[in-house]
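Asks: If you read the sequence shown in the working numbering, its first letter stands for residue 122, the second for the next number, and so on.
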Amino acid sequence: MNAKTEFLTIGIPIVPDQLATQAGHFKRCFDFTYLGSRILDTKGALRQGRQLAWMAARRLRHVFHGNASNQVKSRLFVATVESVLFYSAEALVLTPSLSKDMDATHRSLLRYSLGIRWPNVISSSDLYLRANLPPATKRLTVMRLRLLGHTIRTLTREKTPLVLALTVQPTEPLRPGRPRMQVHDQLRNDLALLGVKWNDAPTLANNKKLW
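1) Considering only C-alpha positions, which residue in the set Thr-275, Asn-327 and Lys-259 is nearest to Asn-310?
2) With Val-226 and Arg-171 assumed to form a contact (beta carbons below 8 Å), what rounded beta-carbon distance in angstroms separates them?
3) If you drop the 5 nearest sequence neighbours on each side, which residues of the same chain put their C-beta closer than 6 Å to that of Val-359?
4) Which whole-angstrom value is the C-beta distance of Asn-241 and Ser-195, which I expect to be below 8 Å?
5) Classify Arg-238 as helix, strand or coil using the three-state DSSP reduction.
6) Going by the CB atoms, is the gap between Met-302 and Thr-201 shorter than 8 Å?
7) Quick one: is Ser-234 buried, meaning 16 or more other Cβ sit within 10 Å of its Cβ, or exposed?
8) Have a look at Ser-220 and Leu-230 and give me their C-alpha separation to the nearest angstrom.
Have a look at this one:
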């Protein structure tokens with residue numbers, strides 16, 4: 122039994138608990154961790170990211186609630202708080218409700234980081250304008266498309282698991298209870314916002330300047 126290497130399947134109804142190959146026997150797993158997040162537990166990964174981001178923000182409360190300019194606070198927010206919140210989020214499938222939760226968390230953290238507290242009230246549009254930052258969902262869309270472009274260009278050289286996961290549409294049905302929205306659906310929606318069809322993505326992605 123190979124103790125380090127395990128295998129995971131999606132969309133295959135009947136799978137043995139062990140896989141025998143020339144390299145040995147491999148144990149089956151049902152989830153895995155990528156960049157610190159459980160890939161098949163999107164809500165859990167987002168919850169963990171939210172907790173860690175708030176921890177990072179509170180450690181810098183003396184700076185965020187001090188006399189530093191909004192520009193300094195915003196740059197510090199991006200480097201130390203937003204980066205934690207977005208860590209590995211481009212690899213997660215966000216439903217519309219999860220996207221709203223992400224935007225709400227991002228705004229709360231941003232208000233905290235700019236020192237905006239009750240009874241001071243500011244609209245979301247004014248908040249982003251003051252911080253000179255886009256909403257979380259727009260930022261994540263850019264991150265996902267960058268990841269897609271990278272994987273498409275990699276596909277011509279090697280077929281890694283990440284490349285296959287993002288570029289190959291599965292044909293097998295998912296296990297009962299799995300969410301209907303998959304990573305390909307989300308990427309198609311991202312491309313549609315730019316007026317790009319899925320079949321045109323490979324041609325565009327191979328031109329890094331255009332992509």
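Every residue, glycine too, gets a C-beta built ideally from N, C-alpha and C.
Replies: Looking at the coordinates:
1) Lys-259
2) Note on identity: in this sequence residue 226 is Thr, with Val being the wrong assignment. Confirmed, Cβ separation roughly 5 Å.
3) For residue 359 there is no data in the structure shown, the boundaries of the chain being 122 and 332.
4) Incorrect: roughly 17 Å between the Cβ atoms, too far for contact.
5) coil
6) no
7) buried
8) 15 Å
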